[in-house]
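Take the sequence shown: its position 167, counting from 1, is numbered 167 in UniProt numbering, and each next residue is one higher.
Glycine included, every Cβ here is placed at the ideal spot set by N, Cα and C.
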Amino acid sequence: MNSVLAARGLVKTYGDVHALAGVDIDIKAGDVLAVVGPSGSGKTTLLHVLSGILRADSGDVFLDGRAIGELNETGRSELRRTAFGFVFQSGMLVAELTAEENAALPMLLAGRSREESLGAARLWLARLGLQTLEKRRPAELSGGQAQRVAIARALAHRPRVIFADEPTGALDTRTGQEMMSALLQAAEETNAAVVIVTHDKAIADRALRVVEIQDGRIAPKVIEEAVSA
Ligand code: ADP
Ligand code: MG
1 MNSVLAARGL VKTYGDVHAL AGVDIDIKAG DVLAVVGPSG SGKTTLLHVL SGILRADSGD
61 VFLDGRAIGE LNETGRSELR RTAFGFVFQS GMLVAELTAE ENAALPMLLA GRSREESLGA
121 ARLWLARLGL QTLEKRRPAE LSGGQAQRVA IARALAHRPR VIFADEPTGA LDTRTGQEMM
181 SALLQAAEET NAAVVIVTHD KAIADRALRV VEIQDGRIAP KVIEEAVSA
């Protein structure tokens, strides 16, 4: 089966720190991959290279078989707006915009009409249980609600892959689990793959696969669960 996203031989160094020291990875549609590992092991760097935010020093990332390292910054930025969705630790919503405008932002930036973008945003906000909060600004939302807006924003343009870096890191255990349920359900509905960096074992346990990063490499003892029974 073909991978949606594949990485081959990814290396990224900062001075003498090998943030990534040769990483191969394959992600298929509908996959849910948790990336775990100690602080400083290279998890965020991996997410940023996989999503085209950062360029690898060597190796490459392939989206549907196409090398993204060959794209220039404009091409990669276009890719981030269309093929990928992002959920960060603390939402990173734009304070001046309403929930629906925040969720619509990637589509607006990609040049879609305001009507289409807000329509898709409202649909996802409703699916995530936020239909009465569309006009609120981030300061008027709880942490869990803000993360749901971030999920709506990551999903509204129907990306192939959703990247989440410690998305439950600022939430209490229960809200974090609820957020994870919402993310997994939304991803399943669109058949998007999810790559989630987490420190939380209870969150990683909900992924289909777990890879552990140590010193910029995938740890030899990969904790992998069968994707299907
Ligand atoms: P993690 O997300 O697992 O905590 P990171 O990917 O953020 O780890 O970092 C991996 C290593 O690369 C760490 O040693 C970190 O200090 C280093 N690093 C990450 N980004 C930079 C940068 N922009 N400049 C210098 N060093 C960096
Ligand atoms: Mg990190």
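query, result
"Contact under 8 Å by Cβ, V161 with A83", "yes"
"Proximity below 8 Å, CB of P106 to CB of A156", "yes"
"Nearest-angstrom Cα separation, counted from I218 out to G129", "37 Å"
"Between the CA atoms of T168 and Q177 - distance to the nearest angstrom", "8 Å"
"Beta-bridge partners of G9, as assigned by DSSP", "According to DSSP, G9 bridges with nothing at all."
"Proximity of A182 and R206 at Cβ, strictly below 8 Å", "no"
"Collapsed DSSP secondary structure at A164 in the structure displayed", "strand"
"First through last residue of the beta strand (DSSP E) which encompasses E209", "According to the sequence provided, residue 209 is Arg. The question's Glu does not apply to it. From DSSP, the beta strand (DSSP E) with R209 extends over 209–214."
"Best match in R114, G37, L141 for proximity to M92 [C-alpha to C-alpha]", "L141"
"Limits of the beta strand (DSSP E) - the one that S58 falls within", "58–63"
"In DSSP terms, what L33 is bridged to", "V195, R209"
"Closer than 5 Å to the ligand ADP: residues, by C-beta to nearest heavy atom, in chain order", "Y14, V17, A19, S39, G40, S41, G42, K43, T44, T45"
"V35 beta carbon near the ligand MG (any heavy atom closer than 7 Å)", "no"
"Distance between beta carbons of V4 and I196, contact taken as under 8 Å", "15 Å between Cβ atoms; not a contact."
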